[in-house]
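Each remark here refers to the structure printed beneath this line.
Chains as they are written, first to last, in the working numbering: chain A, 1 to 225; chain B, 1001 to 1219.
Structure follows, in structure tokens:
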């Protein structure tokens, strides 16, 4: 049995990781839905352009995003007055920027295609209003929305660059699973790092099962086999 | 319901016209057939009449009102009883029953009796609660058609409604369309399949060729 010799209970690190990544991915997910719904009403060309921009942003390394957040929140930086550097909120901001592009890329073309067909359907049923359109679109995309959130969450909880640079990996304050794994590995504590890695993988899998089950419950509420 | 298609031209891309100088005046309830080869403009004409597409040139008058130049209140009123059934069924995630009742639900109406009646009539009772992803092409087509029938529209436009339907369902559909027409509705059907029952009892035939009106025979 491996005894984890950390300066902080592992459960605290896990809860902090879930908190910052959960909040960041949720904010990114909601923002992506709003952006995608807005842009999906435009032409195909506009949608392809937006998708291309965000596809390029997906490839930006998390260390660069961490650097950007560091620069913004640095005491002499543009947002230095907020005093958020080396706090969990800095990690949330950074992970939001990490997760947003992937959430948008996952959703935008789906929103466009679904919205186009549903608009045609609503008109063909003798209706004018687009009030119901958003509800029908979200309903139609339930499985995609679940997958998108999982993607965003996985990207957040598994990233290191932002948590390390903008968060600082401060014990009992901003250390999360990935920074703890990095620190333990650099100290030569491979067994600790491995166990933490397994915990990280388990968390991701458990979240996936939870989100998928929730998605099935929502689907079941629509009364079909 | 009176429908006037007044000098209508329609272009999808601003260059070529799918419809050219179409003039049709439908005043009597009944079934009207639109015929023509592929690419003649049948679907486009149906969509223009059903107010899904705005004419590039020309007007659509419903009960004497120029729809595309009327107020949004008037548009809502005129649009509400005009239903279009696509050739490829547009169904949403959910059961057959959910899809069939969708139009009623979106309009804030409920009529379980009529839904039950049509589901039973078209032999969809066994798949009533099944997901639409588990249906055959014919069952999907049937569901999209009865979703329109339960709404009892004043104008019903159907694009190739008989595709994928077996003979029994074709017969039932023709009966229901004739019934709808007898109750005062205008039913417009674009179809390659010319069924004798339909031709004998239809009120008029609109023949299109390359976007133009080749002939208009009203009985």
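No residue lacks a Cβ here, since even glycine has one placed at the ideal position from N, Cα and C.
Alpha carbon to alpha carbon, how far is residue i from residue j?
i	j	result
residue 217 of chain A	residue 1013 of chain B	44 Å
residue 59 of chain A	residue 52 of chain A	11 Å
residue 1214 of chain B	residue 1046 of chain B	16 Å
residue 223 of chain A	residue 1184 of chain B	Interpretation of residue 223 of chain A is limited by its pLDDT of 45, a score under 50 that renders its predicted location unreliable; the figure taken from the coordinates is listed afterwards. Cα-Cα distance, rounded: 35 Å.
residue 89 of chain A	residue 20 of chain A	8 Å
residue 1151 of chain B	residue 1188 of chain B	16 Å
residue 166 of chain A	residue 67 of chain A	7 Å
residue 1068 of chain B	residue 1212 of chain B	22 Å
residue 1096 of chain B	residue 1138 of chain B	13 Å
residue 1042 of chain B	residue 212 of chain A	44 Å
residue 24 of chain A	residue 194 of chain A	25 Å
residue 185 of chain A	residue 80 of chain A	32 Å
residue 133 of chain A	residue 140 of chain A	10 Å
residue 1018 of chain B	residue 1209 of chain B	10 Å
residue 1024 of chain B	residue 1003 of chain B	8 Å
residue 1113 of chain B	residue 1119 of chain B	10 Å
residue 34 of chain A	residue 1103 of chain B	26 Å
residue 1063 of chain B	residue 1009 of chain B	20 Å
residue 1109 of chain B	residue 1115 of chain B	12 Å
residue 1053 of chain B	residue 30 of chain A	33 Å
residue 74 of chain A	residue 22 of chain A	24 Å
residue 1028 of chain B	residue 1132 of chain B	37 Å
residue 1007 of chain B	residue 104 of chain A	44 Å
residue 1030 of chain B	residue 1191 of chain B	16 Å
residue 275 of chain A	residue 1094 of chain B	Outside the shown range of chain A, which is 1 to 225, sits residue 275 of chain A, and nothing can be said about it.
residue 82 of chain A	residue 72 of chain A	10 Å
residue 1101 of chain B	residue 204 of chain A	39 Å
residue 176 of chain A	residue 49 of chain A	35 Å
residue 225 of chain A	residue 1129 of chain B	Caution applies to residue 225 of chain A, whose pLDDT of 37 falls short of 50 and renders its modelled position unreliable; the value that the coordinates give is listed next. For residue 225 of chain A and residue 1129 of chain B, the distance between alpha carbons rounds to 7 Å.
residue 1157 of chain B	residue 1073 of chain B	23 Å
residue 77 of chain A	residue 215 of chain A	42 Å
residue 1175 of chain B	residue 1149 of chain B	12 Å
Considering residue i, what are the terminal residues of the beta strand (DSSP E) in which it resides?
i	result
residue 1006 of chain B	1003-1010
residue 1188 of chain B	1186-1190
residue 1030 of chain B	1030-1035
What are the partner residues of residue i, as DSSP defines its beta bridges?
i	result
residue 1217 of chain B	B:1205
residue 1084 of chain B	B:1157
residue 1212 of chain B	B:1209
residue 1076 of chain B	Answer is none; residue 1076 of chain B lacks a bridge partner.
residue 1066 of chain B	B:1061
residue 1144 of chain B	Beta-bridge pairing links residue 1144 of chain B to no other residue.
residue 1025 of chain B	B:1004
residue 1131 of chain B	B:1095
residue 1019 of chain B	B:1010
Name the two residues that bound the continuous alpha helix (DSSP H) containing residue i.
i	result
residue 179 of chain A	177-186
residue 112 of chain A	88-124
residue 58 of chain A	44-58
residue 30 of chain A	10-39
residue 1116 of chain B	1112-1121
residue 70 of chain A	62-73
residue 1103 of chain B	1102-1106
residue 7 of chain A	It is not in any alpha helix (DSSP H) - residue 7 of chain A carries neither H nor E in the DSSP assignment.
residue 154 of chain A	142-157
residue 171 of chain A	Note, residue 171 of chain A: premise wrong, no alpha helix (DSSP H); not H, not E.
residue 1169 of chain B	1167-1182
residue 1045 of chain B	1042-1049
Less than 8 Å between the CB atoms is what I'm expecting for residue i and residue j, so what's the real figure, rounded?
i	j	result
residue 1153 of chain B	residue 1081 of chain B	5 Å
residue 126 of chain A	residue 1146 of chain B	At roughly 15 Å, the Cβ-Cβ gap does not stay under 8 Å, so residue 126 of chain A and residue 1146 of chain B are not in contact.
residue 1032 of chain B	residue 1203 of chain B	6 Å
residue 1206 of chain B	residue 1198 of chain B	In fact, because the Cβ distance is near 14 Å, the residues do not count as touching under 8 Å.
residue 117 of chain A	residue 1090 of chain B	6 Å
residue 1159 of chain B	residue 1085 of chain B	6 Å
residue 32 of chain A	residue 107 of chain A	6 Å
residue 1078 of chain B	residue 1065 of chain B	6 Å
Can you confirm whether the region 1048-1064 of chain B touches the region 93-104 of chain A when touching is taken to mean that 3 or more C-beta pairs between the two stretches lie within less than 8 Å? no
Contact between the region 171-183 of chain A and the region 194-206 of chain A: three or more CB pairs below 8 Å? yes
Taking 8 Å as the threshold, find out whether the region 112-126 of chain A comes into contact with the region 35-44 of chain A through three or more Cβ pairs. yes
Counting pairs of beta carbons, one from the region 1114-1133 of chain B and one from the region 1142-1151 of chain B, are three or more of them closer than 8 Å? yes
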